[in-house]
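First residue of the sequence shown: 47, per our numbering; consecutive thereafter.
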Amino acid sequence: QVQLVESGGGLVQPGGSLRLSCAASLDIWRFNSMAWYRQAPGEQRELVARITRVEKTNYADSVKGRFTISRDGAKNTLFLQMNSLKPEDTAVYYCNAEAGMASSWGQGTQVTVSS
Numbered sequence: 047q048v049q050l051v052e053s054g055g056g057l058v059q060p061g062g063s064l065r066l067s068c069a070a071s072l073d074i075w076r077f078n079s080m081a082w083y084r085q086a087p088g089e090q091r092e093l094v095a096r097i098t099r100v101e102k103t104n105y106a107d108s109v110k111g112r113f114t115i116s117r118d119g120a121k122n123t124l125f126l127q128m129n130s131l132k133p134e135d136t137a138v139y140y141c142n143a144e145a146g147m148a149s150s151w152g153q154g155t156q157v158t159v160s161s
């Protein structure tokens with residue numbers, strides 16, 4: 047079972063930037079895909095961005111052009127660069143990794159966008 051540990055969340059003003067990291071305890075190339083999800087209070091968890099083993103990416107419409115997902119195989123780390131942040135981006139952000147039928151989650155990191 048892989049361990050996923052997110053970091054990089056915090057409080058940022060509207061228009062600001064944050065970079066989230068997700069450190070995996072196993073070689074990330076074993077995963078079919080890795081993704082970032084988020085969950086705001088009272089809302090369902092939603093997909094933010096996903097990257098596949100062959101580097102295909104997809105994004106939620108609400109973050110296209112502002113967020114970028116990437117990974118560093120040498121560091122076994124997944125990233126989410128978030129620019130032009132809006133108050134509606136406030137949520138707990140979770141890292142996800144899928145390999146076959148197995149799906150693993152991190153503990154989440156809080157992102158708060160507020161002036």
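We put the CB at the ideal spot given by N, CA and C, even for glycine.
Range of the contiguous beta strand (DSSP E) that encloses Asn-142: 137-145
Contact check, Pro-60 vs Val-159, beta carbons under 9 Å: yes
Segment contact, 8 Å Cβ cut-off, at least three pairs: the segment 47-62 with the segment 141-161: yes
Residues that DSSP places opposite Ala-120 in a beta bridge: Looking at the DSSP assignment, Ala-120 forms no beta bridge with any residue, so it has no partner.
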